[in-house]
Amino acid sequence: VWDQELASVAQKWASRCILAHDASRDVARFPVGQNIASTWTTRTNISPEPNFPQQITAWFNEVHQFRFYTTGFTPATGHYSQVSRCMSLT
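So the sequence shown is numbered by the working numbering: it starts at 4 and just counts up by one.
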């Protein structure tokens, strides 16, 4: 479900071009998580287009490290937690 308030908050942060999590990303209705991806290369014969499906798959593959019997955030599975949480709400 598209959320214009979240889109506006995300765009303001993205416009600053800082590769870091935004400390002020929450909205009044709920806290918000973020996944960040970047790509770079020194090769010249490569498409300049980012491969978003590949990055999302990499985040999802953290499931192999996820411990379903525990609660709370862990850095090793934070991206997976965010993707799976998003998928459970759609």
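Where is the CB? At the ideal position from N, CA and C, for every residue including glycine.
1. Given a cut-off of 7 Å, decide if Q68 and A40 are closer than it, judged by their beta-carbon atoms.
2. Determine whether the beta carbon atoms of Q14 and R28 lie at a separation below 7 Å.
3. Decide if H24 is buried, meaning its Cβ has at least 16 other Cβ atoms within 10 Å, or exposed.
4. Would you please state the rounded distance, in angstroms, between the beta carbons of V86 and F63? I believe it to be under 8 Å.
5. Roughly how many angstroms lie between the CA atoms of A26 and E65, to the nearest whole one?
6. Taking the alpha carbon of A61 as the reference point, which residue from W5, T80, A17 has its own alpha carbon closest?
With the given structure in hand:
1. Indexing the sequence shown from 1 puts residue 40 at position 37. Indexing the sequence shown from 1 puts residue 68 at position 65. Cβ atoms of A40 and Q68: not closer than 7 Å.
2. Taking the first residue of the sequence shown as 1, we reach residue 14 at position 11. Taking the first residue of the sequence shown as 1, we reach residue 28 at position 25. No, Cβ-Cβ distance for Q14 and R28 is not below 7 Å.
3. As a working note, residue 24 is residue 21 in the sequence shown. With fewer than 16 Cβ atoms within 10 Å of its Cβ, H24 is classed as exposed.
4. Start at 1 with the first residue of the sequence shown, and residue 86 comes out as number 83. Start at 1 with the first residue of the sequence shown, and residue 63 comes out as number 60. The pair is a contact, with the Cβ atoms about 5 Å apart (cut-off 8 Å).
5. In the sequence shown, the residue the question calls residue 26 occupies position 23. In the sequence shown, the residue the question calls residue 65 occupies position 62. A26 and E65: Cα-Cα distance of roughly 24 Å.
6. The residue labelled residue 61 in the question sits at position 58 within the sequence shown. Closest by alpha carbon: T80.
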